[in-house]
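Working notes for the structure below.
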Amino acid sequence: MITSVLVANRGEIACRVFRTCRQWGIRTVAVHSDADANALHAREADAAVRLPGASPADTYLRGDLIVKAAVAAGADAVHPGYGFLSENADFARAVRDAGLVWIGPPPEAVEAMASKTRAKELMGIAPLTDPTDVTEADLPVLVKAAAGGGGRGMRVVRDLADLDAALTAARAEATSAFGDGEVFVEPYLENGRHVEVQILADTHGTVWALGTRDCSLQRRHQKVIEEAPAPGLTPELTAELHDLAVRAARAVDYVGAGTVEFLVADGRAHFLEMNTRLQVEHPVTEAVFGIDLVALQLRVAEGHALETDPPRARGHAVEARLYAEDPANGWAPQTGRLHRLTVPDGIRLDTGYTDGDDIGVHYDPMLAKAVAHAPTRAEAVRRLAGALERAVIHGPVTNRDLLVRSLRHEEFTSGRMDTGFYDRHLTDLTRSAPDPLAPLAAALADASTRTGRFGGWRNLPSGPQVKRYAVAGEEHEVRYHHTRTGLTAEGVHVVRADPGLVVLETDGVQRRFDIARYGDRVHVNATALTALPRFPDPATQHAPGSLLAPMPGTVVRVAEGLTEGTTVQAGQPLLWLEAMKMEHRITAPVTGKLTALPVGVGRQVEMGALLAVVESD
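At position 550 of the sequence shown (counting the first as 1) the number is 829 in my numbering, and the numbers step up by one without a gap.
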């Protein structure tokens, strides 16, 4: 019987596994990098072991150190979580060789399916592993990390001239994220649906196919919204997907939880890969089937048999991934203090953060997963959209607005979405539409703290008070007056103005604005604003053509032959930043001369740091 589990992962993943372990009375052990020394997963565990490493990004890829940590902490089992070493056969063997229980599939099954190229061959599909095989007739193609997941190490190529650059970038991301730079090329099927089947197998020959999930809403090949069951599938297609998933599991004598992924196009299922681990989106399956997949993983690892048939599915579940990223800044990952994160009752929130935690630069920018379950799809979607809209998220900019608008988009609510959803709608879904009264409410809340002994009004008429705020990359100026009777503003009636609450009335309707301020950052209901100084600081001004770091990160590549004085073309890649395990390309904004390049490979930069200057011709 398992008594103590080390989770070879971090953040939300580790916290999720710990939650089930605590319910089962199982002792928990965390591992952490130096950057994660105060992370929630390290604080929640019964014991935590520091992993030394050359860099925070590499730490969780050191299987030898993790096994030593398990032995030292007295763990008798290791759960790999998902990501990092969860699909590494050598790590699974090392855990078993140390006399520990491996809460996952046999190493041989991991080896057979963890590499997408080997998995395709096992299922009778031949990927284009040699890039020289790609011709114009094959386009578009997808460059994909063999050991990848989460959208890392993936690039769509529509022009052969872009293939080499895509291969280089994909290999770099794959090496950083998975410790394996192998990539392959396969045909890119546009506008299909990404559908997957959750499987669970025991050591007694039983394999469950637990319904279907639709994960078609993806941006940069990273899943954003998932649901179960996948809507609109015929009973025949659903049965085919289940049969193929079970066949894949039996082909490698699979044990434990896993996911078989497909692209569904023109009513046909195309095998993509088998993930030999639990998936980020597993909570929607848990909600629909009323099960705990981690608990079942533990039972299977202890040798217990599954029931002959899986439980019945009930209702519909939808999950949205909340990321710290800025749509107004090219979706750059965001860092900083997460002051508060709460959702309404009835919504499941899986997260690796709590109020006051810092979001660093070294790992994935996902803050949390929000899951809603209801008797019907329409009810589940409505419930999740409403909960996200009312969620309190104080801290870095997030993709919350994108999630809410996506869930309410007619193409999604009608179940007609596919993997091209964001290619078609991302611009409209991210068009800035902040609450027009939010800046005024922020200004009035601030003014209420500055009125002083005499209320701030003047005996003689004077001009209005003026404040400026940045909202979603745009500047907004608001004006208000201090009067004998209090604060006033044109076009609205100020019912109440306190530091934490402003009530405004327009056209006979009162609206409430909850205010929270952290330095120059102000949160007004769901709108985040930045208070701007009255006069710009000259020290923050940069020369025209300056390229600033859109996020904290490390310079991992500089374009070959690039030096000060070089002539560059508009759109030409100049350098690459790595942040949160993904590469971000910095390109020349105009055709001109490179007059400054103050950074080099290996340089760590903060957000807003000067990277280069290009003077226009």
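The beta carbon of each residue, even a glycine, is placed where N, CA and C say it ideally should be.
From a predicted model like this one, the values you see are computed outputs, not experimental measurements.
Supposed contact pair residue j and residue i - C-beta distance, whole angstroms, cut 8 Å
i      : j      : result
Gly383 : Gly535 : 5 Å
Leu646 : Ala603 : 5 Å
Ala651 : Ile672 : Contact doesn't hold; Cβ gap of about 17 Å is too wide.
Phe700 : Leu496 : 5 Å
Asp629 : Glu291 : 6 Å
Gly832 : Leu856 : 4 Å
Glu690 : Met696 : 5 Å
Arg492 : Val474 : 7 Å
Arg450 : Val462 : 6 Å
Those residues which DSSP pairs with residue i across a bridge
i      : result
Thr621 : Val671
Phe463 : Lys423
His320 : DSSP output for His320 lists no bridge partner at all.
Trp487 : Leu479
Lys746 : Val757
Trp855 : Arg836, Arg864
Lys347 : Note: Lys347 sits in no beta bridge, so no partner.
Trp381 : Val357
Glu784 : His772, Gln789
Gln883 : Thr833
Phe541 : Val474, Phe550
Val247 : The displayed coordinates of the chain run from 280 to 896. Any statement about residue 247 would go beyond what the structure contains.
Glu506 : Asp493, Val597
Asp605 : Ala611
Val650 : Glu598, Arg627
Gln501 : Arg498
Asp637 : Arg616
Cβ shell of residue i (< 7 Å), same chain only, five flanking positions each side left out
i      : result
Leu681 : Pro606, Leu708, Thr709
Asp355 : Ile281, Thr282, Ser283, Leu379, Val380
Met861 : Arg431, Glu452
Thr774 : A small fix is needed here, since residue 774 is Val in this sequence, not Thr. Cβ neighbours of Val774 beyond the five flanking positions: Val782, Leu783, Glu784, Gln789.
Asp315 : Arg289, Ala321
Thr633 : Leu319
Pro385 : Asp532, Val534
Ala721 : Tyr748, Ile794, Val801, Val803, Leu808
Glu565 : Asp571, Leu572
Gly353 : Ser283
Thr485 : Ala584, Leu585, Thr587
His521 : Val476, Ala488
Of the listed residues the options, nearest to residue i (C-alpha basis)
i      : options                        : result
Ala828 : Gly569, Val801, His863         : His863
Pro654 : Arg593, Glu565, Glu756         : Arg593
Glu323 : Arg882, Cys294, Arg775, Leu716 : Cys294
Asn288 : Phe363, Val847, Val745         : Phe363
His561 : Ala649, Gly484, Val884         : Ala649
Arg341 : Ala326, Ala373, Ala805         : Ala373
Leu421 : Asp637, Ala388, Leu468, Ile504 : Leu468
His761 : Ala726, Asn470, Gly537         : Ala726
Gly460 : Gly471, Ala664, Ala448, Asn470 : Ala448
Ala388 : Asp376, Ser365, Pro410         : Ser365
Ala424 : Thr414, Glu465, Asp417         : Glu465
Arg619 : Glu756, His521, Gly635         : Gly635
Pro877 : Gln851, Ala858, Gly844         : Gly844
Glu400 : Ala768, Glu552, Gly779         : Glu552
Length of the line joining the Cα atoms of residue i and residue j
i      : j      : result
Thr482 : Ala867 : 57 Å
Phe733 : Pro743 : Bear in mind that the predicted position of Phe733 carries a pLDDT of just 43, short of 50, making it unreliable; the figure below should be weighed with that in mind. Approximately 17 Å, taken between the alpha carbons.
Gly787 : Thr706 : 34 Å
Pro675 : Asp412 : 44 Å
Asp532 : Gln477 : 16 Å
Val640 : Asp588 : 44 Å
Ala391 : Leu512 : 29 Å
Gly951 : Thr299 : The question about residue 951 has no answer here: the residues shown for the chain are numbered 280 through 896.
Leu936 : Ala724 : A question about residue 936 goes unanswered here, because the residues of the chain that appear run from 280 up to 896.
Met433 : Leu442 : 12 Å
Thr538 : Ala548 : 15 Å
Met886 : Pro359 : 33 Å
Ala751 : Arg600 : 20 Å
Lys746 : Val757 : 5 Å
Arg526 : Val835 : 42 Å
Residues near residue i by beta carbon distance below 8 Å, same chain, minus five either side
i      : result
Val869 : Gly824, Ala849, Val893, Ser895, Asp896
Arg591 : Phe568
Ala659 : Glu506, Gly594, His595, Ala596, Val597, Ala651, His652, Ala653
Beta carbon proximity, residue i to chain D, threshold 9 Å
i      : result
Glu552 : Of the protein chains in this structure there is only one, and it is not chain D.
Same chain only: Cβ atoms within 6 Å of residue i, ignoring 5 sequence neighbours per side
i      : result
Ala402 : For the sequence presented, residue 402 should be read as Met rather than Ala. If we look at Met402 and ignore the five residues flanking it on each side, its Cβ neighbours are Phe550.
Thr806 : Pro713, Asp714, Ala717
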